[in-house]
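To start, the structure under review is shown below, and the notes come after it.
2 protein chains.
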Amino acid sequence: MLRACDSEEKMMALRIAESVLSRDGALTELAKFRHWLAELEKTAHMDVDVLPLDDLAGWTSSPITGNISHDSGKFFTVEGLDVRMPDGVVPNWSQPIISQPEVGVLGILVKEFDGVLHCLMQAKVEPGNHNGPQLSPTVQATRSNYTQVHRGRAVPYLEYFRGPSRYRVIADVRQSEQGSWFNRKRNRNIIVETDEDVPLLDGFCWLTLGQVHRLLAVDDLVNMDSRTVLSCFPFAGTGLLRAFASHRGGFHGSLIRSYSEDERSLHSMDDVRSWITEVRAGVDVRTRVIALNELRFWRRTEERISHESGLFFDVIGVGVRAGGREVAEWNQPMIAPVGTGLVALLVATVNEVLHVLVHARVEPGYVDVVELAPTVQCTPENYAWLPDTARPRFLDDVQRLRPDQVLFDTTLSEEGGRFYHARNRYLIAEVDIGPEFEAPDFRWMTLRQFVELLRHSYYLNVQARSLVACLHSLSATQTAP
Amino acid sequence: MLRACDSEEKMMALRIAESVLSRDGALTELAKFRHWLAELEKTAHMDVDVLPLDDLAGWTSSPITGNISHDSGKFFTVEGLDVRMPDGVVPNWSQPIISQPEVGVLGILVKEFDGVLHCLMQAKVEPGNHNGPQLSPTVQATRSNYTQVHRGRAVPYLEYFRGPSRYRVIADVRQSEQGSWFNRKRNRNIIVETDEDVPLLDGFCWLTLGQVHRLLAVDDLVNMDSRTVLSCFPFAGTGLLRAFASHRGGFHGSLIRSYSEDERSLHSMDDVRSWITEVRAGVDVRTRVIALNELRFWRRTEERISHESGLFFDVIGVGVRAGGREVAEWNQPMIAPVGTGLVALLVATVNEVLHVLVHARVEPGYVDVVELAPTVQCTPENYAWLPDTARPRFLDDVQRLRPDQVLFDTTLSEEGGRFYHARNRYLIAEVDIGPEFEAPDFRWMTLRQFVELLRHSYYLNVQARSLVACLHSLSATQTAP
Numbered sequence: 013m014l015r016a017c018d019s020e021e022k023m024m025a026l027r028i029a030e031s032v033l034s035r036d037g038a039l040t041e042l043a044k045f046r047h048w049l050a051e052l053e054k055t056a057h058m059d060v061d062v063l064p065l066d067d068l069a070g071w072t073s074s075p076i077t078g079n080i081s082h083d084s085g086k087f088f089t090v091e092g093l094d095v096r097m098p099d100g101v102v103p104n105w106s107q108p109i110i111s112q113p114e115v116g117v118l119g120i121l122v123k124e125f126d127g128v129l130h131c132l133m134q135a136k137v138e139p140g141n142h143n144g145p146q147l148s149p150t151v152q153a154t155r156s157n158y159t160q161v162h163r164g165r166a167v168p169y170l171e172y173f174r175g176p177s178r179y180r181v182i183a184d185v186r187q188s189e190q191g192s193w194f195n196r197k198r199n200r201n202i203i204v205e206t207d208e209d210v211p212l213l214d215g216f217c218w219l220t221l222g223q224v225h226r227l228l229a230v231d232d233l234v235n236m237d238s239r240t241v242l243s244c245f246p247f248a249g250t251g252l253l254r255a256f257a258s259h260r261g262g263f264h265g266s267l268i269r270s271y272s273e274d275e276r277s278l279h280s281m282d283d284v285r286s287w288i289t290e291v292r293a294g295v296d297v298r299t300r301v302i303a304l305n306e307l308r309f310w311r312r313t314e315e316r317i318s319h320e321s322g323l324f325f326d327v328i329g330v331g332v333r334a335g336g337r338e339v340a341e342w343n344q345p346m347i348a349p350v351g352t353g354l355v356a357l358l359v360a361t362v363n364e365v366l367h368v369l370v371h372a373r374v375e376p377g378y379v380d381v382v383e384l385a386p387t388v389q390c391t392p393e394n395y396a397w398l399p400d401t402a403r404p405r406f407l408d409d410v411q412r413l414r415p416d417q418v419l420f421d422t423t424l425s426e427e428g429g430r431f432y433h434a435r436n437r438y439l440i441a442e443v444d445i446g447p448e449f450e451a452p453d454f455r456w457m458t459l460r461q462f463v464e465l466l467r468h469s470y471y472l473n474v475q476a477r478s479l480v481a482c483l484h485s486l487s488a489t490q491t492a493p
Numbered sequence: 013m014l015r016a017c018d019s020e021e022k023m024m025a026l027r028i029a030e031s032v033l034s035r036d037g038a039l040t041e042l043a044k045f046r047h048w049l050a051e052l053e054k055t056a057h058m059d060v061d062v063l064p065l066d067d068l069a070g071w072t073s074s075p076i077t078g079n080i081s082h083d084s085g086k087f088f089t090v091e092g093l094d095v096r097m098p099d100g101v102v103p104n105w106s107q108p109i110i111s112q113p114e115v116g117v118l119g120i121l122v123k124e125f126d127g128v129l130h131c132l133m134q135a136k137v138e139p140g141n142h143n144g145p146q147l148s149p150t151v152q153a154t155r156s157n158y159t160q161v162h163r164g165r166a167v168p169y170l171e172y173f174r175g176p177s178r179y180r181v182i183a184d185v186r187q188s189e190q191g192s193w194f195n196r197k198r199n200r201n202i203i204v205e206t207d208e209d210v211p212l213l214d215g216f217c218w219l220t221l222g223q224v225h226r227l228l229a230v231d232d233l234v235n236m237d238s239r240t241v242l243s244c245f246p247f248a249g250t251g252l253l254r255a256f257a258s259h260r261g262g263f264h265g266s267l268i269r270s271y272s273e274d275e276r277s278l279h280s281m282d283d284v285r286s287w288i289t290e291v292r293a294g295v296d297v298r299t300r301v302i303a304l305n306e307l308r309f310w311r312r313t314e315e316r317i318s319h320e321s322g323l324f325f326d327v328i329g330v331g332v333r334a335g336g337r338e339v340a341e342w343n344q345p346m347i348a349p350v351g352t353g354l355v356a357l358l359v360a361t362v363n364e365v366l367h368v369l370v371h372a373r374v375e376p377g378y379v380d381v382v383e384l385a386p387t388v389q390c391t392p393e394n395y396a397w398l399p400d401t402a403r404p405r406f407l408d409d410v411q412r413l414r415p416d417q418v419l420f421d422t423t424l425s426e427e428g429g430r431f432y433h434a435r436n437r438y439l440i441a442e443v444d445i446g447p448e449f450e451a452p453d454f455r456w457m458t459l460r461q462f463v464e465l466l467r468h469s470y471y472l473n474v475q476a477r478s479l480v481a482c483l484h485s486l487s488a489t490q491t492a493p
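Okay, here's the thing in structure tokens:
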């Protein structure tokens, strides 16, 4: 009955490092992958038309509340949220929000080929994508999906993630998604390893972590669901440093040590947790679900719901005709944000270990008040409508970065099933640590501390998780894909 | 800038063990303590009369919703909750519930005297206590308390827990309370060490952990707020085994090893977390706040709100006249449960390490669906009204225990500020592990695993945390206080 979990953990970290170092795969060379993706782009077409909200087949606006819901009662509902934050810059506002109480599954299936871990990835077109197919996890399914409310085909590979105890679970944790657009949304992020034979279906391919990491540097290719699951890979343990022996110097050494060093962190884990408790206990946020037609400063037409300023986001309708999806044709509401966002993480080497500057951020849809966010996360143009005091801390620093400080700079898409052309510029940049970066709602943490918190729900927000995946992708030397 | 957090943690575990082994204190001998408490009982009197709900000064029932709230808008509100759990034994019910969105502070101040850690405890009378004063943490305050909505005196010692970074933080985490009676209640549990001179006010005393542990064996003495904070003391690390060298054999050895052993646990921590994710992702619970006058099967009179069966709990009113409280006289609603509850934890030694049998339990007021509860937690008489299938798993096993299996058996009170004469029999009993204890919603865990989860919010429910404090109290040989 004895287990040897410590050495198991170390072994897994080494196997992950091995896969990260496999910058191209024997199974699917990146050159072939690009060709395969281009072919898919031709066949897996999806036509998306913006439709008036009032004309969506299968969706009804309640005559009493204005709330928009599917006639089956499943999927999601667009309703209103009233937010009160007495101490906030904007102490009270209301907004449309998506309510989707079901816990969905985002799963990556992993298998060893020729001694190297590969991830089963899917090229998937979604109505909100501004381009063609993007790289998705093996499974990306709401409960309505997999209980087949819309009478579509069964979700392929889902069986690996239901009753995962038959397989080796590498990570398994529920995480939040955009707290500005979703009310208490939770998805299960799960990574499972199998050694069974896995049939390879159309639209799927096996890639090493090193390959996925190279693809992360391509604009709008690795989708949000992939990124959040990728962030959960346990990059931990001193074993990593050994595996990455050739990367001991400079930035790479600092990054790799950051996955394992406890004693060189600026703040102990107890202090980090106490800080989170302090911030969460201190913020007074009260949210109340209200009817969509009770919103103030939002205007609804037959076509869409928009803020009077024209900023933030619109709620729009789309009609979709797809090949290669569970259902060939459907309508749905979507959130269409205004502008491209900026999501930036400042990093600095302290005590030879990389630290990241984390922001304890309030979003009204979070399950628990505050989550840890990147240093800056905003859509700069939205601040036109808000008081100057609302301007995000450190935005100026990010906008003043020199090119040689930038380590990662890619524009990536958010969830294409709910958000229409929602894109953020993801940026990682190195700074010299200094007192100008001290602020009560910000803390410097090592990656080990960050990743440790990722094992539990609701600590890191979805943008921070994306950036953790991007940071992982820098752990081996980057070469253009 | 280098820290040595590992050795700091070990040192703290040793100092905690030292305090646990101090079964009587030089500062306040237990004999003196008993005398002091008896004296207090005479002076710190509190007269509590049950009053009609409709006659509570300062409280109003909304003519539209029936919800009962304080005229200041602060403290708490009694409202209704509609609960839907399609797969549950009772798929739909509604009930009164207390809404108290403020995060309160439960804090214990710790200081070393003669090389031994002592806790600053308070003898406090509360309106719900069925007896006299009970032992409370140093501070037990809602935000309304400490912002002095009811114009009472300032909360003594509160300054140690606001901006705790000036002191040494031993534990600091927000935790839930009764999810059957509170909607999303959260309190900050915090333990802070100081080496400053601390003036000793009337009604307070310094006790070692060993003394508090002995007092835990006394019926209705150590109150709920103390128990939940006590559970957060970091009993961890192999150093403990050294400190408790005289307890290496039998049950004590098994208990002490359970705080430190990773490799001898039945399930790895990854598996435990994956199981929690699985249960939380699989349970479909939807709650909706409704008006108190929308409840089904509940009857409201001028006097009280009761379930038609006479079971579960009543909402009653009380009038309080107190000496030695922040305010001398007030009225308030309270929840008065029917019957005495049973809260039992089965434990077993596996691989020479104590494991506890944990239940993943749904309560409608939890922030996140499910929390880890003791093996059995119920009021047996409530099941008269419910279908046989609702009978709690393992209740029969607990009711059939032989006296020699019982390690802890004390009746303790729940929060006396909101609950009227709410008492549970807390039981810890040893069994032989066997297949009869396997069930999907139950898992055997070591104390180290349990305590590790306690560092984060919402894993262990308040009853489980009470029993963790009770288990801590068994780590040194028990002698009658």
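Protein sequences, first through last, are from chains W and D. Just so we're on the same page, the working numbering is the position in the first sequence counted from 1, plus 12. Just so we're on the same page, the working numbering is the position in the second sequence counted from 1, plus 12. Positions of the beta carbon are idealized from the N, C-alpha and C atoms, including for glycine. Since the model is a prediction, treat every value here as computed from it, not as a measurement.
Query, Result
"Alpha carbon of Tyr395(D) to alpha carbon of Gly351(D), nearest angstrom", "12 Å"
"Exposure of Lys101(W), with buried meaning 16 or more beta-carbon neighbours within 10 Å", "First, the residue type needs correcting, since residue 101(W) is Val and not Lys in the sequence shown. Result: exposed."
"Val468(W) to Val368(D) span [Cα, whole Å]", "It is worth fixing the name first, because residue 468(W) is His in this sequence and not Val. Distance between the alpha carbons of His468(W) and Val368(D) is about 21 Å."
"Any C-beta of chain D under 8 Å from that of Asp184(W)", "yes"
"Ordered list of alpha helix (DSSP H) runs contained in the stretch 317-398 of chain W, each at least 4 residues", "none"
"Rounded C-alpha distance that separates Ile347(W) from Gly329(W)", "9 Å"
"N-terminal and C-terminal residue of the alpha helix (DSSP H) that Trp287(W) is part of", "Met281 to Gly294"
"Short CB-CB distance (under 8 Å) between His142(W) and chain D", "no"
"Backbone CA spacing between Glu315(D) and Tyr432(D) [nearest angstrom]", "15 Å"
"Nearest neighbour of Asp66(W), chosen from Ser74(W), Val60(W) and Pro246(W) [CA to CA]", "Ser74(W)"
"Neighbour list for Pro113(D) in chain W, Cβ cutoff strictly below 7 Å", "Arg298"
"For Leu486(W) and Leu52(W), the rounded distance between their alpha carbons", "28 Å"
"Three-state class that DSSP yields for Met236(D) in the structure shown", "helix"
"Rounded distance between the beta-carbons of Glu448(D) and Asn436(D), thought under 8 Å", "So it is not a contact: roughly 25 Å between Cβ atoms."
"Proximity below 8 Å, CB of Pro108(D) to CB of Ile288(D)", "no"
"Identity of the residues DSSP links to Tyr432(D) by a beta bridge", "Bridge partners of Tyr432(D): none, in fact."
"Counted within 10 angstroms of its Cβ, other Cβ atoms place Asn104(D) as buried (16 or more) or exposed", "exposed"
"Min CB distance Val151(D) to chain W below 8 Å", "no"
"Contact list for Val181(W) against chain D, beta-carbon separation under 8 Å", "Asp282, Asp283 and Ser286"
"Coarse secondary structure for Thr299(W), derived from DSSP in three states", "strand"
"Residue-chain proximity (Ala99(W), chain D), Cβ-Cβ < 8 Å", "The amino acid at residue 99(W) is misidentified as Ala; the sequence shows Asp. Answer no: the Cβ-Cβ gap between Asp99(W) and chain D never drops below 8 Å."
"Residues of its chain near Glu375(D), where Cβ-Cβ distance is below 6 Å and the 5 sequence neighbours each way are ignored", "Gly191 and Ser192"
"Of the residues Asp214(W), Asn305(W), Leu466(W) and Leu26(W), the one placed nearest Leu384(W), counting alpha carbons only", "Leu466(W)"
"Test: Asp453(W) CB closer than 8 Å to a CB of chain D", "no"
"Residue burial classification, Pro415(D) (beta-carbon count within 10 angstroms, cutoff 16)", "exposed"
"Cβ of Asp380(D) within 8 Å of any chain W Cβ", "yes"
"Cβ of Ser469(W) within 8 Å of any chain D Cβ", "yes"
"Under 8 Å between C-beta atoms of Val62(W) and Pro139(W)", "no"
"Contact belief for Gln461(W) with Val355(W) at Cβ below 8 Å, rounded distance in angstroms", "No, Gln461(W) and Val355(W) are not in contact; Cβ-Cβ is about 20 Å, not under 8 Å."
"Tyr438(W) in three-state terms, based on DSSP", "strand"
"Alpha-carbon spacing of Met23(D) relative to Thr387(D), whole angstroms", "33 Å"
"Asn343(W) versus Ala402(W), Ala43(W), Thr40(W) and Phe87(W), residue with shortest Cα-Cα distance", "Phe87(W)"
"Inter-residue spacing [alpha-carbon to alpha-carbon] between Thr491(D) and Gly261(D)", "In this prediction, Thr491(D) has a pLDDT of 47, which is less than 50 and means its spatial position is unreliable; what the coordinates show is noted afterwards. Rounded to the nearest angstrom, the two C-alpha atoms are 18 Å apart."
"Length of the line joining the Cα atoms of Arg311(D) and Val327(D)", "10 Å"
"Residue burial classification, Thr72(W) (beta-carbon count within 10 angstroms, cutoff 16)", "exposed"
"At least three beta-carbon pairs within less than 8 Å, the stretch 36-44 of chain D to the stretch 218-228 of chain D", "yes"
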